[in-house]
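J.: Just passing along the structure, written as structure tokens.
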Amino acid sequence: MKTINKVTIPLFLAVMLLASCSGSWSAPTTIQTEVAETALSILGTMAVETRAAQSAPTASPTYNLTPTAIPGPYTVFPPNPDQQVYIDPDGWYAVNIPADMQPTDTPNYFLREGGFFETGYLPEMGYMSSALNVCTWLANIESEPEENSISWYSYYSPQPNLGCSVSTKEGDWDSIVYEIIENPAADPEHRFIYIITGRGYPWAEPIGITFSWLKPVYDLKPGPDLTPLSTEEAAFWENVSSMPSDISVTEYSLPPEAQAGPTEEILLGLVPEEALPDWATEQNTSISNKKPTVEEQLKSLGYELRGDITKGEGLQLFRNGRILFDHVTRVSNVYTFSTDSGLITAFIVNTIGTGGEFQHSFLIQNDVISVWDNSSMDPGFAPILYQGELLWAKVNQDSRVEIKKSNRGVIFTFETYFAASLPPIHLRAWNGHWILEVGDFLIQDGKILNTELGFQEIFGWSLVKDKPTYFFRKGPWIGLSYDGQILPVQYQDVAHGLCCGFAVNNPSIGSDAAYFFGKRDGIWYYVVVEFK
3 MKTINKVTIP LFLAVMLLAS CSGSWSAPTT IQTEVAETAL SILGTMAVET
53 RAAQSAPTAS PTYNLTPTAI PGPYTVFPPN PDQQVYIDPD GWYAVNIPAD
103 MQPTDTPNYF LREGGFFETG YLPEMGYMSS ALNVCTWLAN IESEPEENSI
153 SWYSYYSPQP NLGCSVSTKE GDWDSIVYEI IENPAADPEH RFIYIITGRG
203 YPWAEPIGIT FSWLKPVYDL KPGPDLTPLS TEEAAFWENV SSMPSDISVT
253 EYSLPPEAQA GPTEEILLGL VPEEALPDWA TEQNTSISNK KPTVEEQLKS
303 LGYELRGDIT KGEGLQLFRN GRILFDHVTR VSNVYTFSTD SGLITAFIVN
353 TIGTGGEFQH SFLIQNDVIS VWDNSSMDPG FAPILYQGEL LWAKVNQDSR
403 VEIKKSNRGV IFTFETYFAA SLPPIHLRAW NGHWILEVGD FLIQDGKILN
453 TELGFQEIFG WSLVKDKPTY FFRKGPWIGL SYDGQILPVQ YQDVAHGLCC
503 GFAVNNPSIG SDAAYFFGKR DGIWYYVVVE FK
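Numbering (this note's numbering) for the sequence shown: 3 to 534.
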């Protein structure tokens, strides 16, 4: 984040709070009713064919009205003699803070010599899919990503997946810490709580606080979210055009056992076989003979990899019979690109010291050897060609994604996190642009399109009929964009970003169709969008 003094650091959050009090989140009842009816009318006029994949679900949209309560005292922790108690005016939580902190003219903002404390809500982010998306937004859009680190949990959240934190670094110490705590039982205006603590100088004592819930918190929302759209959101969805004649949408109502959701069930087995993507119905075939091995790729350039790790032999890389590298642990594929100035070939060589204590990485591009970045976090993505040069998406030890040239020059930085795994990361070249997708954020040529387009989340960017296609969140609804046009397809949730076995529930987007699981009014559907 930017280095901001202790007086100005809360201003962007103060602006958020003032905006939330201006009425954009509390339209009169008559307007709210009209907005809700408008949203339903949009859904009712979509060119969608709905068929039952199995028997229609018997569960009502409020099938999860009895969620499990998260354990907690739900009473204010008794303050220590050197503490005072801040109680949330809306009654959800309380925080014990140092007794010598004094209130200021800024609401919920306390100050003392050498530090500050601020707390409140983030209503404009209340529909985001997770607390981690909120932290990612704060770390990359509200501040400078090069100065931040994101932790996938918050010390104060009732469960690890219901919180996160963002810390700025000044040397070896944290200057400002943002804690985000999610309350899934609350309405969007109160769903995300923020706590900011900061030190005015390195030797100042960290600000010790204690967080308490005042009401029960649940690990599931108690049914579908029926909060009305804001005025701006309603205007956006009202202006969505009708479905183009060359695009069709088919929804399959999923059976009751699927209503546990894509993080609990493998939903693909509940879909009719004829509705599955082509890749799901084709027999697995060996492709070992269709693509040259790394050894064959190297040989075509005059290199030779000798040794057999499976036999306990160390690998060595030779060039025209002369050894280049000893103790080789891995050689990447050879990446080949045609440019106006000639052919570019590039590959990565990883080596290890004789005692196993040192790891090194080298880039060999057109026979020129350069020291390359080495990080255990780096997934090893293939480069892309952009304006005649190679661009690489690298992930460093701080879980920071950096777009680099082959000379290691950084042209873009995006701060992310590492939990059980990194969020989905994709780097592509398209129509003279580079496209980076990190979780639910989309970047084109260094511009974060979430803010450029006014969408809280963007994911699943792909080319359909050579046209850019992606999902986006605008308030409570997730929509689908195709070639710059917003299609009249709306869901409150779309399964995506899932890991491991549940990854089969993620969207599958091919050259002429998109397949995904969407949730509307508490019911999960399997959806096929065909582009003719």
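Backbone N, C-alpha and C define an ideal beta-carbon position, used for all residues, glycine too.
Counting C-beta neighbours from all protein chains within 10 Å, is the total for His498 16 or more, i.e. buried, or is it exposed?
T.: buried
J.: Report yes if the C-beta distance between Phe194 and Tyr123 is below 9 Å; otherwise report no.
T.: yes
J.: For Trp526 and Phe519, what's the separation of their Cα atoms in angstroms?
T.: 7 Å
J.: Under the assumption that Val242 contacts Pro425 (Cβ atoms under 8 Å), give the Cβ distance between them as a whole number of angstroms.
T.: Actually they do not touch by this definition, with Cβ atoms about 28 Å apart.
J.: Which of the three DSSP states, helix, strand or coil, is assigned to Trp239?
T.: helix
J.: Could you spell out where the beta strand (DSSP E) holding Lys534 opens and where it closes?
T.: No beta strand (DSSP E) contains Lys534, which DSSP labels as neither H nor E.
J.: Please say whether Leu317 and Leu326 have beta carbons closer to each other than 9 Å?
T.: no
J.: Going by DSSP, what residues sit across from Ala348 in a beta bridge?
T.: Tyr337 and Gln367
J.: Flag this pair as touching only if the segment 200-209 and the segment 442-454 have three or more C-beta atom pairs under 8 Å; answer yes or no.
T.: no
J.: In this structure, what does DSSP give as the bridge partners for Phe79?
T.: According to DSSP, which records beta bridges pairwise, Phe79 is partnered with nothing at all.
J.: In angstroms, rounded to a whole number, what distance separates the CA positions of Glu51 and Asn352?
T.: Residue confidence for Glu51 is low, a pLDDT of 48 falling below 50, so the modelled location carries little weight; the figure read from the coordinates is stated next. Spanning the two alpha carbons is a distance of roughly 53 Å.
J.: For Phe383 versus Leu365, is the C-beta spacing smaller than 9 Å?
T.: no
J.: By how many angstroms is the C-alpha of Tyr158 removed from the C-alpha of Phe79?
T.: Using only the alpha carbons, I get a separation of about 13 Å.
J.: Is the Cβ-Cβ distance between Ala515 and Val530 less than 9 Å?
T.: Result yes, Cβ atoms of Ala515 and Val530 sit closer than 9 Å.
J.: Quick check on DSSP: helix, strand or coil for Gly46?
T.: Note that Gly46 scores a pLDDT of 33, beneath 50, so its modelled location is shaky; the value from the coordinates is reported in the next line. Three-state result, Gly46: helix.
J.: Would you kindly work out how many angstroms separate the C-alpha atoms of Arg321 and Ile386, rounded to a whole number?
T.: 25 Å
J.: Out of Leu307, Asp400 and Val97, which has the shortest C-alpha to C-alpha gap to Thr199?
T.: Closest by C-alpha distance to Thr199, out of Leu307, Asp400 and Val97, is Val97.
J.: If I follow the unbroken alpha helix (DSSP H) through Glu298, where does it start and stop?
T.: In the DSSP assignment, Glu298 falls within the unbroken alpha helix (DSSP H) covering Val296 to Lys301.
J.: Indicate whether Lys396 and Asp380 have their beta-carbon atoms separated by less than 9 Å.
T.: yes
J.: Can you name the residues that DSSP bridges to Pro470?
T.: DSSP, once it has assigned bridges, lists Leu465 as partnering Pro470.
J.: To the nearest angstrom, how far is the alpha carbon of Ile346 from that of Asn368?
T.: 6 Å
J.: Grab me the residues of Asp84's own chain with a C-beta within less than 7 Å of its C-beta, minus the 5 sequence neighbours each way, in chain order.
T.: Pro100 and Ala101
J.: Tell me whether Pro147 sits in a helix, a strand or coil according to DSSP, three-state version.
T.: DSSP places Pro147 in the helix class (H, G or I) of the three-state scheme.
J.: Note the first and the last residue of the continuous alpha helix (DSSP H) segment covering Glu454.
T.: Taken as a continuous stretch (DSSP letters only), the alpha helix (DSSP H) holding Glu454 covers Leu451 to Leu455.
J.: What is the DSSP secondary structure of Leu319, reduced to helix, strand or coil?
T.: Looking at Leu319 - three-state DSSP - the assignment turns out to be strand.
J.: Can you check whether the CB of Leu164 is closer than 9 Å to the CB of Ser152?
T.: Position check: residue 152 holds Ile in this sequence, whereas Ser was assumed. Not a contact, by the Cβ cut-off of 9 Å.
J.: Whose C-beta lies closer than 7 Å to the C-beta of Asp575 among residues of the same chain, with five residues either side of it excluded?
T.: Because the chain here runs from 3 to 534, residue 575 falls outside it and cannot be looked at.
J.: Which residue's Cα is closest to the Cα of Ile371: Trp394, Ser408, Gln399 and Glu275?
T.: Checking every option, the nearest Cα to that of Ile371 belongs to Ser408.
J.: Among Ser464, Ile488 and Glu417, whose alpha-carbon lies nearest the alpha-carbon of Ser145?
T.: The shortest CA-to-CA distance from Ser145 to any of Ser464, Ile488 and Glu417 is the one to Glu417.
J.: Between the alpha carbons of Ala277 and Ser340, how many angstroms are there, rounded?
T.: 39 Å
J.: Here's a check: name, in chain order, each residue in its chain whose Cβ is nearer than 7 Å to the Cβ of Trp374, leaving out the five neighbours to either side.
T.: Closer than 7 Å at the Cβ level, and outside the excluded window around Trp374, lie Ile350, Ser363, Phe364 and Leu365.
J.: So Tyr180 and Tyr196 are in contact, right, with Cβ under 8 Å, and what is the actual spacing, rounded?
T.: 6 Å
J.: Identify the continuous alpha helix (DSSP H) that holds Phe139 and give its terminal residues.
T.: Position check: residue 139 holds Trp in this sequence, whereas Phe was assumed. Where Trp139 is concerned, the enclosing alpha helix (DSSP H) stretches over Ala133 to Asn142.
J.: The beta strand (DSSP E) with Asn98 in it runs from where to where?
T.: Tyr95 to Pro100
J.: Would you identify the three-state DSSP class for Val506, choosing helix, strand or coil?
T.: helix
J.: Quick check: what's the CA-CA separation for Ser377 versus Ile354?
T.: 13 Å
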